[in-house]
DNA sequence: ATCAAGGCTTTTTTT
DNA sequence: AAGCCTTGAT
């Protein structure tokens, strides 16, 4: 059982075998961080520790899933019972059980960022404040960082420093908005993302017996990406492990890139003060990259002042120098990258999936996409809008949310007049005002019109009552029908399905398909268990707000070039990496050049980008670039100069730039863009945007996904699904329109699909 | 109550 | 350049 320890290097092995007492593992890029974490858990289990007593926290669902599957591979099914998940999902689980002590019902809704923003917008409006001064983004950021530092609305409003800062920035009412926002969430029985952490802290602070319960349960606490924890997370971890201090944190201070969301790099730098008798393990051997890449990256990060001393090295080969490409414009940069990729593929027999293009901001993907499409290079964009965030999906989910938690006001507002049922702004406003005045939820107002008469026309009143009746009829089914049956009923009874089906525009069709896919996912959920109580809609909905799109696409199956922001690339690796847009004001970002610590974070970001590469990293910049429709020019990034020239290949200048041809072209474009009303010629744009969301784009249109005749789908054949890729039919049951297939998708797993929804294509 | 046009904002974003 | 919100017309 213990021979898996042989697969570790000495430092990794010591880290794994140190199980009692606090320890910190500083894991340089590519040094086997996940391996240490998973082997450590496996080691604990092999020593007979009950999996129930181990808590492992990650930042993403993906990381948690990956660790779980690796552990199961090492030790078998015990792995399933380890408490492993994201901070948010683990603590929402705790709050569903014990949150009643804080006044929440266990069916509380989790507001996502959009719900929060929309709530803030309505508060700003109600207070008659200028929505251009009080932008939702700004306010939410302020509230969020307060909560992450465990400052309540009440504390905020008695904190002179904060109040003065708000006054100075011309926004003296932020404190008041914070208070109202807090009340509205409470009234809606809802928590935002930050509340999941804030309330867990509150629970542990005010209810020592609850804290004790979890301290007894989680005898071993392991934390991944510790450098990215914020104060709220830090404190929870500290409290949970206060009893026996079997805490193990893993991270790399050099890869801390989320301070703009409250991550505090001091948490990892100060670990030694919190646990003076801690053990530290440094994983310094990089197994991923060439010497050139490792040394170039080391040279860059050395410019930062705040860091833990370490020496990352590799025994890999020296490798290529780092090419630097110089382009005249952003579109030329795209062309140069596409050409370079084409050459690399030809000369080195490299596949698409071995290549990734990284950028600072999402907007930069466009010029690259255009160029790749022209060269028929298949690509895939990571990130962007999550499936569950899309409008049509959120609309249907909002019905579910309201049925489960009638006080969920954001859900109510979203659907009370969608599909259109003649309940207009005025009516809604009266409901809002009444709810505010009587300090009850909007649902209470419309549920009992006799108690809360509204000054609206009798037609409007009638329409509202009809809506209430409909929602109540769904609520009555909540524990009687399984999630799929109920969801189906809601989708059709609300006429939502029909409304979308009538829309024959490409967007409309895509929306309809997305709804079908959601229904399919819910159907699939109901096949996991046999008891009705495990198939109910609330259970399905519990974690939906915490899911992101990365949970859907696995890169195993598809052979496409990956495009993503550097932030999204953390934790990933590719043989060939292109880092584009190395220009001042873009990377480093203009917003992050004011203080040393901001600039250091940008530098860490550059470090992360460089260290994603295994064999070769290429850099590029453009002298001119369109920004929000205007041409701007920037000097090359300072980061280029921070790499020892020894590791650089001289700048490859774009052909068109050197011949002067492109300058004419580019002047023309400039003149053109100054004139309003010129004809655009980009028919593929809307298609590509759609695909961006579904994270799969091909050179031509892949939207033609002709549904195969259901009759032809039989056990044994291979089919292709729009999202899951290719898979094999394992079983078919049911008949005609209710025919269900069990399909095995390599790398994804087994899925149960309803054929009338799944739109499977038969592959020869 | 609903729709169309015009105007304004715009980083990164594991949850 | 594009999405989203507000405004104005019907």
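Numbering (my numbering), first residue to last: 65 to 828. Note that the Cβ used here is the ideal one computed from N, Cα and C, for glycine as well.
Whole-number beta carbon distance between residue j and residue i, since they are thought to touch under 8 angstroms
{"i": "residue 252", "j": "residue 471", "result": "5 angstroms"}
{"i": "residue 75", "j": "residue 347", "result": "6 angstroms"}
{"i": "residue 815", "j": "residue 588", "result": "6 angstroms"}
{"i": "residue 697", "j": "residue 343", "result": "Not a contact, Cβ separation roughly 52 angstroms."}
{"i": "residue 641", "j": "residue 420", "result": "5 angstroms"}
{"i": "residue 703", "j": "residue 646", "result": "6 angstroms"}
{"i": "residue 226", "j": "residue 220", "result": "6 angstroms"}
{"i": "residue 385", "j": "residue 638", "result": "Actually they do not touch by this definition, with Cβ atoms about 18 angstroms apart."}
Per DSSP, the bridge partner or partners of residue i
{"i": "residue 647", "result": "700"}
{"i": "residue 627", "result": "421 and 445"}
{"i": "residue 122", "result": "150"}
{"i": "residue 428", "result": "Per DSSP, none; premise fails for residue 428."}
{"i": "residue 795", "result": "806"}
{"i": "residue 817", "result": "805"}
{"i": "residue 255", "result": "174"}
{"i": "residue 155", "result": "None, per the DSSP bridge assignment."}
{"i": "residue 315", "result": "90"}
{"i": "residue 694", "result": "691"}
{"i": "residue 680", "result": "640"}
{"i": "residue 785", "result": "789"}
Nonlocal neighbours in the same chain, by C-beta distance under 7 angstroms from residue i, ignoring five residues either side
{"i": "residue 829", "result": "The requested residue 829 does not occur in the structure, where the chain is confined to residues 65 to 828."}
{"i": "residue 506", "result": "473, 476, 495, 496 and 499"}
{"i": "residue 429", "result": "423, 445 and 627"}
{"i": "residue 238", "result": "203, 206 and 230"}
{"i": "residue 294", "result": "212, 326, 327 and 328"}
{"i": "residue 827", "result": "782, 783, 784 and 790"}
{"i": "residue 555", "result": "460, 561, 579 and 583"}
{"i": "residue 336", "result": "342"}
{"i": "residue 308", "result": "283"}
{"i": "residue 145", "result": "115 and 116"}
Candidates the options, of which the one nearest residue i by Cα
{"i": "residue 67", "options": "110, 476 and 237", "result": "110"}
{"i": "residue 156", "options": "281, 607 and 489", "result": "607"}
{"i": "residue 292", "options": "635, 656 and 283", "result": "635"}
{"i": "residue 676", "options": "361, 461 and 202", "result": "361"}
{"i": "residue 673", "options": "114, 331, 187 and 364", "result": "364"}
{"i": "residue 116", "options": "341, 629, 285 and 706", "result": "285"}
{"i": "residue 378", "options": "396, 596 and 358", "result": "358"}
{"i": "residue 683", "options": "529, 670, 131 and 283", "result": "670"}
{"i": "residue 160", "options": "179, 405, 261 and 198", "result": "261"}
{"i": "residue 537", "options": "598, 464, 581 and 478", "result": "464"}
{"i": "residue 699", "options": "708, 707, 693 and 689", "result": "689"}
{"i": "residue 501", "options": "518, 170 and 165", "result": "518"}
{"i": "residue 691", "options": "349, 226, 158 and 426", "result": "426"}
{"i": "residue 547", "options": "520, 585 and 568", "result": "585"}
{"i": "residue 162", "options": "277, 141 and 125", "result": "277"}
{"i": "residue 173", "options": "129, 254 and 222", "result": "254"}
Residues of its chain near residue i, where Cβ-Cβ distance is below 8 angstroms and the 5 sequence neighbours each way are ignored
{"i": "residue 531", "result": "480, 485, 487 and 510"}
{"i": "residue 368", "result": "318, 664, 667 and 668"}
{"i": "residue 523", "result": "486"}
{"i": "residue 138", "result": "68, 102, 103 and 106"}
{"i": "residue 824", "result": "771, 772, 777, 783, 784, 785, 805, 807 and 817"}
{"i": "residue 181", "result": "200, 201 and 204"}
{"i": "residue 383", "result": "353, 354, 355, 356, 357, 679 and 680"}
{"i": "residue 492", "result": "477, 480 and 481"}
Contacts around residue i, its chain only, beta-carbon distance under 6 angstroms, and the 5 residues preceding and following it disregarded
{"i": "residue 623", "result": "415, 416 and 417"}
{"i": "residue 767", "result": "Per-residue confidence for residue 767 stands at a pLDDT of 32, beneath the threshold of 50, marking its modelled position as unreliable; the derived number appears in the next sentence. For residue 767, where only same-chain residues beyond five positions count, there are no Cβ hits under 6 angstroms."}
{"i": "residue 167", "result": "none"}
{"i": "residue 73", "result": "none"}
{"i": "residue 727", "result": "Note on residue 727: pLDDT 39, under 50, position unreliable in the model; the coordinate value appears next. Same-chain partners within the cutoff: there are none."}
{"i": "residue 79", "result": "89, 100 and 345"}
{"i": "residue 170", "result": "160"}
{"i": "residue 411", "result": "none"}
Any non-hydrogen atom of the ligand MG closer than 8 angstroms to residue i Cβ
{"i": "residue 471", "result": "Because no ligand of any kind appears in the structure shown, any question about the ligand MG cannot be addressed here."}
Within the chosen definition, does the segment 349-365 reach the segment 94-108 through at least 3 CB pairs nearer than 8 angstroms?
-> yes
Answer yes if the segment 239-253 comes into contact with the segment 212-229, meaning at least three C-beta pairs across the two stretches below 8 angstroms, and no otherwise.
-> yes
Using 8 angstroms as the Cβ pair cut-off and three pairs as the minimum, do the segment 598-614 and the segment 540-558 touch?
-> yes
Touch check for the segment 142-158 and the segment 108-122: three-plus C-beta pairs under 8 angstroms?
-> yes
The segment 296-316 in contact with the segment 264-271 per 3-pair CB rule at 8 angstroms | yes
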